[in-house]
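A short write-up of the structure that comes next.
In our numbering, the protein residues as written are 62 to 355.
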């Protein structure tokens, strides 16, 4: 049944429309609406060439009796299923869980190549394009992206030209996102990882302790001879390996914090340019994916 006019809509609500299929274009142009299967739609290649079409599953199609997920429909046909109709009625179920049957009519978002490749495909008894509906991707998606991207760019620019600190700029932009509902308060709070902040904070404390106690100098002097025989390249390679291995067990920020005092000792002992050491630390701390346990 149709909802009452006083019904309040919330983000994430799924709306079902009934009417002539060619009216879909008007629905997609409504600001703030995106297709329910939007995440699947965006995985289709050639986003700018999207079309809407319908396909009827043939009686002997190999995907009969399989769920949409099991058939890997989007991957196999490069098409996202918007809805499935059976015997004139929409199948009321999550798209991925629908078990496909002969005669099912699929409303698809895909590219023009789908019709070219499948018009004579025995998997479908009918494939036809719905004229007048060229794309499901809402125009406001671009506006929303700009609405999010522009404040982020401004944040970086004002910090670069020293109008304010990056922390203050980031705080203002975060508040802007929350006020304009680009991000909900619950999402903002969930993104704050207390355990990660504690690890980073304690990493700074341990790094300072290593530096003040002279332990960083001892470690550097113990490790340096093994790599120094290969010259500055060998020293940087050793620093890279140690940092990458360390970041496999702790966060990359904590790994850099712990290795930085040791890296300073490397600089003092070998005269390697500071930029070379800094770049090595940056890259090594984010390269644990290259290790077997990364």
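Note that the Cβ used here is the ideal one computed from N, Cα and C, for glycine as well.
Hey, out of the options, whose CA is closest to residue i's CA?
i           : options               : result
residue 422 : 164, 111, 342 and 129 : In the structure displayed, the chain extends from 62 to 355; residue 422 sits before or after that span and is not available.
residue 189 : 166, 209 and 206      : 166
residue 210 : 232, 238 and 285      : 238
residue 310 : 281, 292 and 346      : 346
residue 119 : 184, 150, 129 and 137 : 184
residue 133 : 68, 156 and 312       : 156
residue 244 : 308, 289, 206 and 127 : 206
residue 362 : 236, 263 and 180      : Nothing in the structure corresponds to residue 362, since the chain is present only between 62 and 355.
residue 308 : 284, 285, 344 and 279 : 344
residue 163 : 135, 136, 122 and 154 : 122
residue 312 : 289, 150, 263 and 178 : 263
Assign residue i to buried or exposed, taking buried as 16 or more other Cβ atoms, counted over all protein chains shown, within 10 Å of its Cβ.
i           : result
residue 269 : exposed
residue 161 : buried
residue 303 : buried
residue 248 : exposed
residue 326 : buried
residue 234 : buried
residue 91  : exposed
residue 218 : exposed
residue 124 : buried
residue 317 : buried
residue 131 : exposed
residue 104 : Unreliable positioning characterises residue 104 in this predicted model, as indicated by a pLDDT of 48, which lies under 50. The coordinate reading is nonetheless provided below. Classification for residue 104: exposed.
residue 322 : buried
residue 246 : exposed
residue 232 : exposed
residue 392 : The requested residue 392 does not occur in the structure, where the chain is confined to residues 62 to 355.
residue 281 : buried
residue 214 : exposed
residue 259 : exposed
residue 101 : Residue confidence is low: residue 101 scores 48 on pLDDT, short of 50, so the model does not pin down where it sits. Its coordinate-derived value is still stated next. Classification of residue 101: buried, given that the 10 Å Cβ count is 16 or more.
For residue i, list the residues DSSP reports as bridge partners.
i           : result
residue 236 : Residue 236 pairs with nothing; no bridge assigned.
residue 151 : 146
residue 366 : As shown, the chain starts at 62 and ends at 355. That puts residue 366 outside it, with no answer to give.
residue 128 : 160
Among residues of its own chain, excluding the 5 on either side of residue i, which ones have a beta-carbon nearer than 7 Å to its beta-carbon?
i           : result
residue 341 : 297, 300 and 301
residue 324 : 300, 338 and 342
residue 293 : 331 and 333
residue 23  : This structure gives no information on residue 23, because the portion of the chain shown stretches from 62 to 355.
residue 67  : none
For the beta strand (DSSP E) holding residue i, just list the boundary residues, first then last.
i           : result
residue 294 : Counting along the chain, residue 294 falls outside any beta strand (DSSP E), though it belongs to the alpha helix (DSSP H) covering 292-307.
May I ask which residues mark the beginning and end of the alpha helix (DSSP H) holding residue i?
i           : result
residue 145 : Segment 141-147 is the beta strand (DSSP E) holding residue 145; no alpha helix (DSSP H) there.
residue 223 : Run containing residue 223: none; DSSP gives neither H nor E here.
residue 72  : Neither: residue 72 is in no alpha helix (DSSP H) and is coded neither H nor E.
residue 321 : 313-331
residue 341 : 335-346
residue 173 : 173-179
residue 250 : 246-251
residue 136 : 134-138
Ordered along the chain, which non-local residues of its own chain (more than five positions away) have a Cβ less than 6 Å from that of residue i?
i           : result
residue 107 : In this prediction, residue 107 scores a pLDDT of 47, lower than 50, which makes its location untrustworthy; no coordinate-derived value is stated.
residue 140 : 169, 171 and 175
residue 147 : 165
residue 70  : none
Give every residue of the same chain whose Cβ lies closer than 8 Å to the Cβ of residue i, excluding the five residues on either side of it in the sequence, and list them in chain order.
i           : result
residue 241 : 208
residue 72  : 242 and 245
residue 291 : 298
residue 128 : 157, 158, 159, 160 and 161
residue 187 : 115, 116 and 117
residue 272 : 322 and 325
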